[in-house]
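Heads up: the sequence shown begins at 633 in the working numbering, then just goes up one per residue.
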Amino acid sequence: MRTLLFLLICCSFAAIHPVQAQQVETMHIHFDKDSYLPGEMIWFKCYTYFNNKPSALSSNLFIGFYDQNGILLAEKRYPLIEGTTNGDFKIAADSGYTALVVKAFTKAMWLQDSTHLYERTLTIRTTPDSLTNIEPPTATTSLQFFPEGGQWVAGLYSYLAFKAWHNDGSPAIAHGKIVDSNGQTVVDSFATNEMGLGKLQLLPKKGTTYKASWQDAEGRQHETLLPQVKELGATLHTELADKNVFYSVLKNTDASNFDTLHLRASVHNIIIYEAALPMKGLSQAVNKFTTDSVPAGLLLVTLTDSRWNPLQEKLVYIKHEDAAANDPIINFTQTSTASKGKNEISIVVPDTLFTNMSLSIADASFFSHDQPGIKDELLVAGELKGLWPGLALKPLMQQYPELVTATHGWRKYDWPLAPGTGAIRQVDNYITLGVAYKEKNYALKQNAQLTLMIKDPQTGNQFYKLPQQTQTSYSTDGLVFYDSAKIYYQVEGYPETMPYLKLVSDAHAMQEHLTVHNKIAAGRLVLPSGTDAISSTAGPDFDWINNTPTDTGNVKTKTLKEVKFNARMVNPVTRRLQEMEDKYATGLFRGTSKGYQINVLDDPNAETSIDIYSYVFGKVPGLRVAAGMGGRSLQAIDHFENDPFRAWKDVMVFIDEVQWEPSGLGNINMNNVAYIKFIPGLVIQSVGNGRVGALYVYSKRGDETSGSGSNMKTNIIKGYSIAKQFFNPAYDTESSKTKQDLRTTLYWEPYVITDKTNHKVNIVFYNNDVSKKLLLTLKGFNEEGKLIEIQKIIE
């Protein structure tokens, strides 16, 4: 045990109690792997945390994907429910990327500090067997010194932490000496450790400047100025031992505002300790406070003068041993790393609390050992600033927590220090739409109501009657719609206002946050003034079983029984398509587990399609339009036919479950179509069998309208991105094992949910053809904020 040479020379009036100050929301993203192959899908789940619990501050996640040169590839927006959401990103097969940088934020994070958002670098491998890292440029090495507490005060002994790094953020080695402005050596030797960090102690003199004369690992000579010495002030030193924080305060002035100093300590901006230090006639104060009841994370200690002007501030890393009680238990019923071997796993959570987790199982060679975990990012990284994407936070915090906190800046006095509390409030409420009116500065007539219709291909039509917010505007929030929805709106009874109405969305500026600053090197995001809608589309999944692009969004959804929460998390595309299947299909015509479904009724683009041939061709993989003597038809490959020249065959066609000739589709008006589905391969119907699939077209019914809103003004607005469903193949028969399987992610489930009625979740997955060692990762939290992270090897 370290002996502390602190002497208690004065008393302070201290108290330990929670006081709420300005809040901080933190974020962790669980990716299915740490590195990827070209053409693969990145699967992820986002967790947001606030006040040691799942966050309710924000309802929107904004996320951008950049290449290694900092060029924005895609921007997405997802709704946050219970502090979580999930999504995906398709890596282009021919992209040539060596890395992808992921930047993400919520509105609460942006309001707190728009320069300090979530960032993570994912490696893209060039081949399945070799990892190609970005070559770190080593031509430039930098060194910086950090006084403990932030300010270096003359005549007071202070610790100086220092950090050396290459210009890509990787740690650098440096060693040298410190000299003063008179040329005198004041520190004979200093050196960084293997992580580019170090610490020394020095007594600065009034009116003196200091510099470091040092060499990098290549032997190149450098000079770096140390921070400026402040003539008058106070210093703060802390040490953590025996579950206590010991602190020492020194001052070199008798100014009246230094007669009483205030010290505060907070975790996640919840103040857990505060003390008034009587300093009149004294130069030092020493005391301590316990950390027994302090939650794990970064403890922020701030020293102010009697007028609450900040003097010093530092971070202390509080780490508690994890309590194993009620941790999830993972049972392996059956394991196999043989080619297409079957694995059965059960996850049991003894706790009765609602628990929200995500599960990934992937080839173990696609993981690194230094990626931050959920506890690192939610409890630590949210407070630290200046973390380079290449910094291995997890091992650093285990080995050198004091040096990491000292050399990676934090808030630096930008939150209210005077006594008081702040209210917790939600900063956004899903999608907000507004309609503004302006006609030569005239206001609308009083109580003029606005009709708003959202035509969403995924969730159907939504209708709203909006009262006036002001004399010239309408607004509503709490909206949830997906993809590019068509918005219809008009002021009832006042058609003359149509040219003067303008639709605006709150998401525009936040998404431009990602678009405008499209260089990683910029590092800082500034809210732009533009309000134009931003649109982006994601490519199809890549099927590593067939090595062909495919759409897995229509795979039958796997649900977790007896979990109410799961109903809210079902893919909205799947839910809407299932509603249409239930409404239109009957008898032998029902069933979509191996097929493709298209919601024509709610698709605003359907109205502009020439015919069914052109509409279906771009939406269903494996179909082509063929022209013959009898007219056009849709064709697919007959896999039962050995002759490649005769492999393309006409698919069976059913209109409202009555068989038609394949060429009869040309007579169908797209405005009358509500729902289309295609079942590939062998199809057995009462009227006969088809070997290459069947297309089913369903007409609108009397209770439906096209929803064209021809008398209303329209805009296309980018809604939420659609989270795809992970495709989990089943090799339960010998015939299903014939195709090569090269998947590197074997299983991904973003919502593993348990509660008081459901403690157990069963998982079944199959290995690929090549992996011999798999890594299972389970992450999440329960409703009280307990963090969960378990990793298991399967081999």
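Glycine is no exception: its CB is placed at the ideal position from the N, C-alpha and C atoms.
Every value quoted in this text rests on a predicted model; they were computed, and no experiment measured them.
In or out: residue i buried (at least 16 other Cβ within 10 Å) or exposed?
i        : result
Arg-939  : exposed
Ser-1246 : exposed
Ile-1426 : buried
Phe-964  : exposed
Ser-1000 : exposed
Arg-757  : buried
Ala-736  : buried
Met-1128 : The amino acid at residue 1128 is misidentified as Met; the sequence shows Glu. That one is exposed.
Ser-1265 : buried
Phe-921  : buried
Lys-1077 : exposed
Arg-1256 : exposed
Ile-1349 : buried
Met-741  : buried
Leu-1035 : buried
Thr-1376 : buried
Arg-1200 : Caution applies to Arg-1200, whose pLDDT of 44 falls short of 50 and renders its modelled position unreliable; the model cannot decide the point.
Arg-1222 : exposed
Can you list, in chain order, the residues of its chain whose CB lies under 7 Å from that of residue i, leaving out five sequence neighbours each side?
i        : result
Lys-1424 : Ile-962, Leu-1408
Lys-795  : Gln-776, Gly-828, Leu-829, Thr-1039
Ala-1068 : Thr-1104, Ser-1105, Lys-1134, Val-1136
Val-1290 : none
Pro-779  : Ser-790, Leu-792, Pro-859
Gln-853  : Gln-847
Phe-1413 : Tyr-679, Pro-686, Asn-988, Leu-1419, Ile-1420
Glu-863  : Ala-786, Lys-838
Ile-1152 : With a pLDDT of only 34 at Ile-1152, under 50, the local geometry of the prediction cannot be trusted, and no value is derived from it.
Residues bridged to residue i by DSSP?
i        : result
Trp-675  : Asp-720
Met-1344 : None; Met-1344 has no bridge partner.
Thr-1370 : Paired residue(s): none; Thr-1370 is not in a bridge.
Gln-1229 : Lys-1309
Tyr-1247 : None, per the DSSP bridge assignment.
Arg-709  : Phe-694
Lys-1429 : Since the first and last residues shown for the chain are 633 and 1427, residue 1429 lies out of range.
Met-1212 : The partner list for Met-1212 (beta bridge, DSSP) is empty, contrary to what the question assumes.
Asn-799  : In DSSP, Asn-799 forms no bridge with anything.
Tyr-1106 : Val-1067, Gln-1100
Gln-1094 : Ile-1086
His-854  : Trp-846
Val-1012 : Per DSSP, none; premise fails for Val-1012.
Ile-810  : Val-819, Ala-844
Thr-753  : Val-733
Pro-686  : Tyr-681
Asn-876  : Ala-873, Thr-922
Specify, as a first and last residue, the run of the beta strand (DSSP E) that residue i falls within.
i        : result
Gln-744  : That residue, Gln-744, is in no beta strand (DSSP E); its alpha helix (DSSP H) goes 739-744.
Leu-1255 : Here Leu-1255 belongs to no beta strand (DSSP E), and DSSP marks it neither H nor E.
Gln-1267 : 1263-1269
Asn-963  : 961-966
Leu-1133 : 1133-1137
His-748  : First-last for His-748: undefined, no H or E at that position.
Pro-910  : 902-910
Thr-773  : 773-779
Asn-1394 : 1392-1398
Asp-1282 : 1280-1282
His-869  : 866-873
Gln-1122 : 1116-1123
Ala-897  : 892-899
Looking only at its own chain, which residues have a Cβ that is under 8 Å from the Cβ of residue i, when we skip the five neighbours before and after it?
i        : result
Thr-817  : Lys-809, Ile-810, Val-811
Phe-890  : Ala-866, Lys-883, Met-911, Asp-937, Ser-938
Thr-1037 : Leu-930, Lys-946, Leu-947, Val-948, Tyr-949, Leu-1016
Tyr-1132 : Tyr-1069, Lys-1070, Glu-1071
Tyr-1032 : Asn-825, Met-827, Leu-829
Looking at the secondary structure, which residues open and close the alpha helix (DSSP H) in which residue i lies?
i        : result
Ala-1039 : Just to set this straight, residue 1039 is Thr in the shown sequence, not Ala. That run of the alpha helix (DSSP H) goes 1033-1039.
For residue i, I'd like the list of residues in its chain whose CB is within less than 6 Å of its CB, leaving aside the five on either flank, ordered along the chain.
i        : result
Lys-1404 : Thr-969
Ser-1107 : Gly-1066, Gln-1101
Ile-1230 : Lys-1251, Ile-1308
Tyr-1363 : Lys-972, Lys-1369, Tyr-1398
Gly-1395 : Reading the sequence as shown, one finds Ile at residue 1395 and not Gly. Correct list, in chain order: Ile-977.
Asp-1270 : Ala-1279, Lys-1281, Arg-1323, Val-1324
Ile-695  : Lys-708, Ala-736
Asp-1109 : Asn-1061, Thr-1064
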